[in-house]
Structure formats: structure tokens, C-alpha cells
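According to the UniProt record's numbering, numbering within the sequence shown proceeds without interruption in unit steps and concludes at 274.
The beta-carbon is built from N, C-alpha and C at its ideal position, and this holds for glycine as well.
Remember, predicted model here, so these are calculated numbers, not experimental data.
A short worksheet on the structure shown next.
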Amino acid sequence: MSGAPVVPVNVQVPSDPTAPVVADLAVHALRVAYALRRDLEGLPQEWKQPGIYVLLTDDGSGNVYVGQAVDLRGRLFQHRSRPKLDWRRGVLVKRDASHGFNSAEIGYLEGRVASELGALPGLTVIEGLKSQDMTLPPHHMLALDALVPSVLASLRLAGLDLLKDAPTTEASEAATGAKRTNTAVPGTVADLVAAGLLRAGAELHFKRAGKEATAMVTTSGDIVVDGVTYSSPSTAAQKALDLKAANGWVSWRVGPTGPTLADLRVQLPEQEAD
Numbered sequence: 001m002s003g004a005p006v007v008p009v010n011v012q013v014p015s016d017p018t019a020p021v022v023a024d025l026a027v028h029a030l031r032v033a034y035a036l037r038r039d040l041e042g043l044p045q046e047w048k049q050p051g052i053y054v055l056l057t058d059d060g061s062g063n064v065y066v067g068q069a070v071d072l073r074g075r076l077f078q079h080r081s082r083p084k085l086d087w088r089r090g091v092l093v094k095r096d097a098s099h100g101f102n103s104a105e106i107g108y109l110e111g112r113v114a115s116e117l118g119a120l121p122g123l124t125v126i127e128g129l130k131s132q133d134m135t136l137p138p139h140h141m142l143a144l145d146a147l148v149p150s151v152l153a154s155l156r157l158a159g160l161d162l163l164k165d166a167p168t169t170e171a172s173e174a175a176t177g178a179k180r181t182n183t184a185v186p187g188t189v190a191d192l193v194a195a196g197l198l199r200a201g202a203e204l205h206f207k208r209a210g211k212e213a214t215a216m217v218t219t220s221g222d223i224v225v226d227g228v229t230y231s232s233p234s235t236a237a238q239k240a241l242d243l244k245a246a247n248g249w250v251s252w253r254v255g256p257t258g259p260t261l262a263d264l265r266v267q268l269p270e271q272e273a274d
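Okay, structure coming up:
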């Protein structure tokens, strides 16, 4: 096994072929329904709740639609009668808890999921709102960011290929001309967060050739740039300013003038030795 994080899922497959398959992601209290366009009548009334949805085609176009609704069931019926693309399957995501999502939360999640899917090669997001609802406080957005891997995992169950471009390698980092003194130290951004050297929710800054980009650190130690999550700081830096290669460890700073990620990483062995 690769050691990559696993999202536990309980999948319920009804014997009735017109009823939706349902997946429960208990770790984040999410419920996901996989419904065929022809069988929406079999979608239970419990889906008349707020959430987000993704409509998938089977025509090889790679077109997907990402949306939000206060009534998921009703919105999919609207998409069936007045389709904006020739979709065949719908993936609906709602909160499986006594208090469901509110309108600001689904607005933020819609934008995050649309951005994540829009960054995948071979996929085109149709009518998806990529600009997240930013009216929520930062700690609330950070909590919602933690749900995104589970939402993407549910889409993988629907057959979507979630592989982004290959991450930047150490060789391509060296090609930028950056010194490798600090990058040779082992450790990940997640290690920095776990050690208390980097705060979840911290804003990172990257400047080069008169251009500047910002990013945010998630609770799991990933880096979010323009709504897209990257586990590699170098890939995040490369995508942030559309570069051929970048050494994210020496490029990303905490705040405009704070230490680089590489500066923080060299402190990891010192903490482990205490």
C-alpha cells in the first residue's frame, strides 16, 4: 500500500436498479447519492436539502457541471427538463447531520470543487462557479476545506480520474537555480503543521519577476492556490505563477516577509531531537 490517506466509505447498493446508490462518508458526516438522469423519481425526499452536485456526461467530452442548491432533488429535476449539458449521472453531496449546510457553505464548496475539477486535465467545468463565496470567516472556510478531499473521493467512486499533472521533482527544482541547502532536509508541509511550526490557515506569499501569488495552508498540510489543492509546495508555486519549474520550499514565505518553508523545515530535526 502507498500509505496515502484513505477516506472510509460505507456504500449502500439497493436491489432496485432505479434507486440511487448512496455512500456515507462518516469521517466528515457527508452523504452522497449517485443518481441516473432517467431515474430521478427514485431519489428519496431526504435529498430536498442544501448541498452541492456534479453532473457527469458519458459522451467522452470531459464536460462536467458543478452546482449548488438549497433543494438538491428539485434542482436535478430542473436540469433534466432544461439541461445545460447532456448529462447522464448526477453526484449529490449533503451534510448527514441534524444541521445541514447553509447557503454560504454550499457557495464556498461549489467554488472549491469547481476549481479542483477545472484543474484536472481532460475535464472542462461548464457553468461551474469557480469564485468561492468568501463571506465566511477564515476558520469556517478552513473547516470546509477539510471536506474537499472527501467530496473528491466520492467523485472518484463515480469514475472520475482525479490525477493532476505530475508533481514537480527535485530535479526540476534544481533547474530553477535555487540553492538546495535547505531542500535536502526531509519533511513535508504536513510535518510542519503537526510540529506547530506552521499554522493551518496561514497565508503564504510567493514573488518572482514582479508577480505575486498567495496561498493558504490546510489542516492536512496541503497548499491551496486559486481554489486548487496541492500537496507539493513546488507544484503549488509552479501553478501559482504559471512557471515551467519552481522550488516551492524556498519560494513560499509565511506572510509577505516571514520565513520560507525551507527555513521552517530545517527546524524539524531540532524539534525531534528535544
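Quick check on this structure: which residue in Val151, Ile126, Thr188, Ala146 has the alpha carbon closest to the alpha carbon of Gly248? Position 248 of the sequence shown holds residue 248. Checking every option, the nearest Cα to that of Gly248 belongs to Thr188.
Output needed for Pro5: all residues of its chain with C-beta closer than 8 Å, excluding positions within five of it in sequence on either side, in chain order. For this step, residue 5 is matched to residue 5 along the sequence shown. These residues qualify, in order along the chain: Pro149, Ser220.
Exposed or buried, which one is Arg95 when buried takes at least 16 other CB atoms within 10 Å? As a working note, residue 95 is residue 95 in the sequence shown. Looking at its Cβ environment, which holds 16 or more other Cβ atoms inside 10 Å, Arg95 is buried.
7 Å Cβ shell around Pro20 - same chain, five flanking residues per side excluded: In the sequence shown, residue 20 corresponds to position 20, counting from 1. Within its own chain, the residues whose Cβ lies closer than 7 Å to the Cβ of Pro20, once the five positions on either side in sequence are excluded, are Ala33, Tyr34, Ala35, Gly42, Leu43, listed in chain order.
For Gln238, name the three-state secondary structure that DSSP assigns. Here residue 238 corresponds to residue number 238 of the sequence shown, with the count starting at 1. Helix, per DSSP.
Which complete beta strand (DSSP E) runs does the UniProt domain "GIY-YIG" (48 to 125) hold, if anything under 3 residues is left out? 51 to 56, 63 to 69, 89 to 95
With distances taken between CB atoms, is the gap from Met216 to Gly196 smaller than 8 Å? Numbered from 1 along the sequence shown, position 216 holds the residue referred to as residue 216. Numbered from 1 along the sequence shown, position 196 holds the residue referred to as residue 196. No. Outside cutoff.
Quick one: Cα of Pro269 to Cα of Asp191, how far? Translated into the one-based positions of the sequence shown, residue 269 becomes position 269. Translated into the one-based positions of the sequence shown, residue 191 becomes position 191. In a straight line, the C-alpha of Pro269 is about 11 Å away from that of Asp191.
For Asp39, name the three-state secondary structure that DSSP assigns. For the purposes of this step, residue 39 is identified with residue 39 of the sequence shown, where counting begins at 1. It is helical.
Helix, strand or coil at Leu25 according to DSSP, with G and I counted as helix: Here residue 25 refers to the residue found at position 25 when the sequence shown is read from its first residue. Three-state result, Leu25: strand.
Is Gln12 helix, strand or coil by DSSP? Here residue 12 is taken as the residue at index 12 of the sequence shown, counted from 1. Reduced to three states, the DSSP call for Gln12 is strand.
Is it right to say Val13 is buried, meaning 16 or more other beta carbons lie within 10 angstroms of its own, or is it exposed? Position 13 of the sequence shown, counted from the start, is the residue given in the question as residue 13. Label assigned to Val13: exposed.
Taking three-plus beta-carbon pairs below 8 Å as touching, is the region 115 to 124 in contact with the region 62 to 79? yes
Look up Glu127 in the DSSP assignment and say whether it is helix, strand or coil. As a first step, residue 127 must be located in the sequence shown, where it is residue number 127. Correct three-state label for Glu127: coil.
For the beta strand (DSSP E) that Arg208 lies in, which residues bound it at each end? Walking along the sequence shown from the start, residue 208 turns up at place 208. 203 to 208 is the extent of the beta strand (DSSP E) around Arg208.
Can you tell me which of the three DSSP states Arg253 falls into? Taking the first residue of the sequence shown as 1, we reach residue 253 at position 253. In this structure, Arg253 counts as strand in the three-state DSSP scheme.
When the Cβ atoms of the region 49 to 56 are set against those of the region 86 to 94, are three or more pairs found closer than 8 Å? yes
Quick check on the burial criterion: 16 or more other C-beta atoms within 10 angstroms. Buried or exposed for Gln238? Locating residue 238 in the sequence shown gives position 238, counting from the first residue. Flag for Gln238 reads buried.
Does Leu261 come out as helix, strand or coil in the three-state DSSP assignment? Position 261 of the sequence shown, counting from 1, holds the residue named residue 261. Helix, per DSSP.
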